[in-house]
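Enquirer: Just so you know, the protein sequences line up as chains W and D, in that order.
Numbering follows numbering that gives the first Met the number 0, in which position 88 of the first sequence is assigned residue number 87; successive positions increment by one, without gaps.
Numbering follows numbering that gives the first Met the number 0, in which position 103 of the second sequence is assigned residue number 102; successive positions increment by one, without gaps.
Glycine is no exception: its CB is placed at the ideal position from the N, C-alpha and C atoms.
Bear in mind that the values here come from a model prediction, so they are computed numbers and not experimental data.
Take a look at the following structure, please.
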Amino acid sequence: MHKLYVHPLPVRIWHWINALGFIALILSGVQIRYSDILAVLPFGLAVQLHNAIGFALIGNYFIWLLFYLFTDKIKVYHPDLNPARYYRDSLRQAAFYGYGIFKGRPNPHHVSVYRKFNALQSITYQIIMILLVPLQFYTGLLLWDVNGFAGSIELFGGVRMVSTVHVLLFIFFSAFIFIHPYLASLGHTPTAHFKAMITGYEEVEEEPVKDVAR
Amino acid sequence: MTTLKKILVVDDDPVVGKSFDRVLSGKGYAVITARDGQEALDKLAREDYDAVFTDIKMPGMSGIEVAARVKTTRPWLPVVIVTGYGSDANEAAARKAGVAAFLRKPLSPEMIEDSAHAVMPENRPGAAATAVASPMPAALAPGVPWRVGTFARNVGLFFAAPFIGLAYVIALPFIGLGMLAWRGYQALAKREQAK
Numbered sequence: 000m001h002k003l004y005v006h007p008l009p010v011r012i013w014h015w016i017n018a019l020g021f022i023a024l025i026l027s028g029v030q031i032r033y034s035d036i037l038a039v040l041p042f043g044l045a046v047q048l049h050n051a052i053g054f055a056l057i058g059n060y061f062i063w064l065l066f067y068l069f070t071d072k073i074k075v076y077h078p079d080l081n082p083a084r085y086y087r088d089s090l091r092q093a094a095f096y097g098y099g100i101f102k103g104r105p106n107p108h109h110v111s112v113y114r115k116f117n118a119l120q121s122i123t124y125q126i127i128m129i130l131l132v133p134l135q136f137y138t139g140l141l142l143w144d145v146n147g148f149a150g151s152i153e154l155f156g157g158v159r160m161v162s163t164v165h166v167l168l169f170i171f172f173s174a175f176i177f178i179h180p181y182l183a184s185l186g187h188t189p190t191a192h193f194k195a196m197i198t199g200y201e202e203v204e205e206e207p208v209k210d211v212a213r
Numbered sequence: 000m001t002t003l004k005k006i007l008v009v010d011d012d013p014v015v016g017k018s019f020d021r022v023l024s025g026k027g028y029a030v031i032t033a034r035d036g037q038e039a040l041d042k043l044a045r046e047d048y049d050a051v052f053t054d055i056k057m058p059g060m061s062g063i064e065v066a067a068r069v070k071t072t073r074p075w076l077p078v079v080i081v082t083g084y085g086s087d088a089n090e091a092a093a094r095k096a097g098v099a100a101f102l103r104k105p106l107s108p109e110m111i112e113d114s115a116h117a118v119m120p121e122n123r124p125g126a127a128a129t130a131v132a133s134p135m136p137a138a139l140a141p142g143v144p145w146r147v148g149t150f151a152r153n154v155g156l157f158f159a160a161p162f163i164g165l166a167y168v169i170a171l172p173f174i175g176l177g178m179l180a181w182r183g184y185q186a187l188a189k190r191e192q193a194k
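Structure, rendered in structure tokens:
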């Protein structure tokens with residue numbers, strides 16, 4: 000086993016603030032949406048809390064964004080421009096998650112600094128981090144000041160459309176909060192990936208020195 | 000017509016040579032590989048190269064020794080150490096041997112391309128061709144000069160990624176059906192042949 004530094008400090012700081020913030024947003028969002036049947040927090044306080052955390056997470060997102068935009072680690076979020084290779088790697092990874100993992104087969108993906116995600120993770124995180132998270136922030140911002148952003152809301156298709164997109168993404172992220180820790184527990188030990196997201200170092204079987212550009 | 004710059008990559012792991020080839024081919028470079036120091040010296044004795052990139056830890060001769068031997072016989076030839084064992088002692092030994100740069104793995108494609116570009120004699124302002132103990136070029140210490148074109152490409156790919164990803168996802172069922180149809184056709188064709 001070798002240790003490979005794949006989670007730089009800014010990414011770890013962003014990750015854990017984001018994780019806690021998203022849980023808080025989901026809980027306060029549930030309180031806002033179902034205030035008629037749930038009364039853990041007063042409605043006004045839940046809205047204030049939801050807004051404050053939302054703005055904090057928008058700021059936090061820029062830690063992540065600026066880090067990747069201005070370092071060569073941006074490659075982690077680059078698409079595979081070879082469709083044949085992409086589909087082959089995805090199918091192998093899906094076969095591993097669906098079958099191989101239960102048979103103790105080795106993970107077909109080998110972590111490296113510039114390829115820390117497998118094919119399925121890669122596409123998922125690209126869509127989530129560069130499309131869905133900003134979209135959720137944007138719709139949240141529009142709903143925060145409906146009158147001030149009336150023009151943008153009109154362009155988006157109206158308040159109902161903005162609200163629907165925000166809630167659909169809320170459902171998606173709520174599901175993600177459960178799926179993500181499960182998938183993170185599928186390392187060589189159940190806590191390996193959690194420790195790595197604290198220390199920055201992933202334990203990998205192959206020699207890190209052989210990690211070169213794709 | 001421009002002449003290809005010949006780069007000798009010395010590493011016992013063939014993946015490294017393939018990576019250099021993948022990054023540099025089509026960009027004015029020809030990548031030739033050697034699996035150990037002796038093979039590298041044999042190749043250097045037979046033909047001329049424009050730069051040598053060598054790993055340190057290899058069976059037989061170390062990369063530092065390869066660098067020292069190359070610099071003794073061809074002091075004008077830039078040698079770059081590429082290693083995962085980037086200790087201070089190794090770096091000091093490499094500098095003493097007169098290497099042009101000391102790069103630590105993992106290497107990004109930009110690091111490979113930029114270092115290959117930077118060590119070429121015509122791209123090294125003020126670097127005397129006979130500088131046996133030439134210091135490491137500032138642009139290569141520790142690795143990557145920043146370039147606008149590379150930055151623009153990286154950022155472009157970054158923001159294109161989710162849309163390319165969505166295109167892959169949307170195309171997946173059609174590709175799956177196409178593969179099934181193709182397999183079915185092959186099976187039928189095989190059955191017909193068997194008859």
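1) Just how far apart, CA to CA, sit W:I178 and W:S184?
2) Excluding five sequence neighbours on each side, which residues of the same chain lie with their C-beta closer than 6 Å to the C-beta of D:P77?
3) Hey, how far is the Cα of W:W143 from the Cα of W:N50?
4) How big is the Cα-Cα spacing for D:A93 and W:L8?
5) Within the continuous beta strand (DSSP E) that includes D:V8, where are the two ends?
6) Just tell me which of W:Y113, W:N117, W:Y98 has its CA closest to the CA of W:Y86.
7) Using beta-carbon positions only, say whether W:S111 and D:P105 come within less than 8 Å of one another.
8) For the region 74-85 of chain W, enumerate the residues whose C-beta is nearer than 9 Å to any C-beta of chain D, in chain order.
9) Can you list, in chain order, the residues of the region 91-114 of chain D whose Cβ is nearer than 7 Å to any Cβ on chain W?
10) For D:Q192, count neighbouring C-beta atoms within 10 Å of its own C-beta (all shown protein chains included) and say buried if the count is 16 or more, exposed if not.
11) Return helix, strand or coil for W:H187, following the three-state DSSP convention.
12) May I have a chain-ordered list of the alpha helix (DSSP H) segments no shorter than 4 residues that lie completely inside the region 44-92 of chain D?
13) Quick test of your reading: D:V14 and D:T53, contact by CB under 8 Å. State the CB separation rounded to the nearest angstrom.
14) Is D:A67 closer than 8 Å to D:A96 when the C-beta atoms are compared?
15) Determine whether the Cβ of W:V112 lies closer than 8 Å to any Cβ atom of chain D.
16) How many Å lie between D:G164 and D:R34 at the Cα?
17) If we cut at 8 Å on Cβ distances, does D:Y48 have a partner in chain A?
18) In the DSSP output, what is W:E202 paired with across the bridge?
19) Under 8 Å between C-beta atoms, does D:I174 make it to chain W?
20) State the DSSP-derived secondary structure class of W:L131, mapped to helix, strand or coil.
21) Could you say which of W:V166, W:T138, W:F169 lies nearest to W:L228 if we only look at CA atoms?
22) Below 8 Å on the Cβ atoms is my contact criterion, and I expect W:V5 with W:W63 to pass it. Report the Cβ-Cβ distance as a whole number of Å.
23) What are the uninterrupted segments assigned as beta strand (DSSP E) that are 3 or more residues long and contained completely in the region 114-164 of chain W, given in chain order?
24) DSSP three-state label for D:V15, please.
25) Mind checking which residues open and close the alpha helix (DSSP H) that includes W:V29?
Expert: In brief:
1) 10 Å
2) A50, A99, V118
3) 7 Å
4) 30 Å
5) 4-9
6) W:N117
7) yes
8) K74, Y76, H77, P78, D79, L80, P82, Y85
9) K104, P105, L106, S107, P108, E109, I111
10) exposed
11) coil
12) 62-72
13) 15 Å between Cβ atoms; not a contact.
14) yes
15) yes
16) 38 Å
17) Among the chains of the structure shown, chain A does not appear; the protein chains present are W and D.
18) W:K2
19) yes
20) helix
21) No answer is possible for residue 228 of chain W: it lies beyond the span of chain W, which begins at 0 and ends at 213.
22) About 15 Å; that fails the 8 Å criterion.
23) none
24) helix
25) 8-32
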